[in-house]
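Below is one structure, written out as structure tokens, with a few remarks after it.
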Amino acid sequence: MFHQNQSKLALIDEAMKIEANTLVSVFFSFQRLENYVLWDQHIARRIIEKMYARTLEAETRFPAVVAPYEDNDQSEEAMHLEWVCAQVPELALDLELEITELEKANYRAEHPVISAFYDALVCWFNIPVHHF
């Protein structure tokens, strides 16, 4: 019975390791994701949604990832997967900021008169105006 539990835990640890490596290799290539932001923001937003869905699925499949820290007997694989899942909101925020900056730059390029007026209000007269 003990060996069955040990082998089951080893299989779960291996599955968590595979899940963490998959998340890292597929979603955490930031240069590739930045390229998606430049090419098509809709694809970048879909990737962000899929990242969140995949981490929620991982937390559901592997309860050890979100287990309380009282026991301190979390495996190394569970801690790594937990760290990877914790990075997703930060990466998503970085991507959203990239998308916002690109949208602002595109807007400024397409509307130079409005942008010049905005710059005059903010820079010359120090009037706090929200652009967009």
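Numbering (this note's numbering), first residue to last: 964 to 1095.
Using N, Cα and C, we set each Cβ at its ideal position, and we do this for glycine too.
Contained alpha helix (DSSP H) runs [length at least 4] in the stretch 1027-1075, N- to C-terminal order: 1039-1073
Simplified DSSP state of Asn984, which is helix, strand or coil: helix
Cut-off 8 Å between Cβ atoms - residues of its own chain near Met1014, not counting five sequence neighbours on either side: Leu986, Phe990, Val1051, Leu1054 and Ala1055
Residue range of the unbroken alpha helix (DSSP H) whose run includes Ile1090: Segment: none, Ile1090 is in no alpha helix (DSSP H) and carries neither H nor E.
Cβ pair Glu977, Glu1040 closer than 9 Å: yes
Inter-residue spacing [alpha-carbon to alpha-carbon] between Arg1017 and Val1047: 11 Å
Segment limits, alpha helix (DSSP H) that includes Leu1019: Gln1004 to Arg1024
Beta-carbon proximity check, Glu1066 vs Gln1004, cutoff 9 Å: yes
Pairwise C-alpha distance: Thr1063 and Ile1006: 14 Å
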